[in-house]
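Numbering (full-length UniProt numbering), first residue to last: 1 to 306.
Have a look at this one:
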């Protein structure tokens, strides 16, 4: 077998990836315990070998070039596979470590994911966790995320989707609102009520409300004076302050239902749900930090897919 890389070139690849992650030769040098000049020389050697510029450098910033971004993705994956290979041949004795980047929508983050993270860190203290809380769908490649929680399976075949749970939907309002506006008894009664809306950031669409009637799944368009954009939890804040009716995930309002702050209505038409999926890129050699987090989260919040 012909050698393609010597020890110096492999070291240069690691320093290049550190510089790309840090966005600075100086910070990369600090992380690697070398001088900034050593990082600069390593990157220069790679650029000479490849015949392309890997970084676009100005007096104010440094960023990867288009070629550098593509090269970085391959290098990062290759180095990750080397680490995983070491883990496998040592019998899994390496401890999960590194930065784990997770994206989750606001209701799932606040009511499911965030309360579990301290326990995860107690179990795996060398794993740092960055959490992106937003209803926007992130780009795994461009934004360097390891995992995301999403409300539906992605169309991208390069992503794996594992079901976490089917979250029950419930229509709620405050007792004061129901005293003022009346308690709806049928789905047709919703036309005479303020129905708080949520607009999906990805599509600008307002999801219809879901019900079961005579054993059939029914989706109903509703209307109201309030529309919340971007943050689904804003709808639960509105409903808790008498803004109208809202179809919410039960787990986001269960405390208010238990205390009597909110009241469930149209229970006879309930029983519908929406899924939450754990999504991550396909990889032959998954980093240990990702694997242990997947196992942890699935065990904590839901049954695995059958």
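The beta-carbon is built from N, C-alpha and C at its ideal position, and this holds for glycine as well.
- With the rule of 3 Cβ pairs closer than 8 Å, the stretch 273-291 counts as touching the stretch 165-176.
- Distance from the CA of residue 207 to the CA of residue 224, rounded to the nearest whole angstrom, comes to 13 Å.
- Non-local C-beta neighbours of residue 140 in its own chain, meaning closer than 6 Å and more than five positions away in sequence, comprise 281, ordered along the chain.
- Of the residues 240, 50, 246, the one whose Cα lies closest to the Cα of residue 259 is 240.
- C-alpha of residue 58 to C-alpha of residue 26: approximately 15 Å in a straight line.
- Looking only at 152, 279, 149, the smallest Cα-Cα distance to residue 158 is reached by 279.
- A straight line joining the alpha-carbon of residue 148 with that of residue 220 spans about 29 Å.
- Rounded to whole angstroms, the separation of the alpha carbons of residue 247 and residue 103 is 24 Å.
- With contacts defined as CB atoms closer than 8 Å, residue 42 and residue 12 qualify as a contacting pair.
- Under DSSP, residue 159 takes part in a beta bridge, and its partners are 281.
- For the UniProt domain "HTH lysR-type" (8-65), the continuous beta strand (DSSP E) assignments of 3+ residues that do not extend past its boundaries occur at 55-57, 62-64, in sequence order.
- For residue 255, the enclosing alpha helix (DSSP H) has its first and last residue at 250-259.
- Per DSSP, residue 223 lies in no alpha helix (DSSP H) segment and is marked neither H nor E.
- Within the model, the alpha-carbon separation for residue 180 versus residue 124 is close to 52 Å.
- Residue 298 is positioned such that its CB atom lies no closer than 8 Å to that of residue 245.
- Within the model, the alpha-carbon separation for residue 230 versus residue 238 is close to 14 Å.
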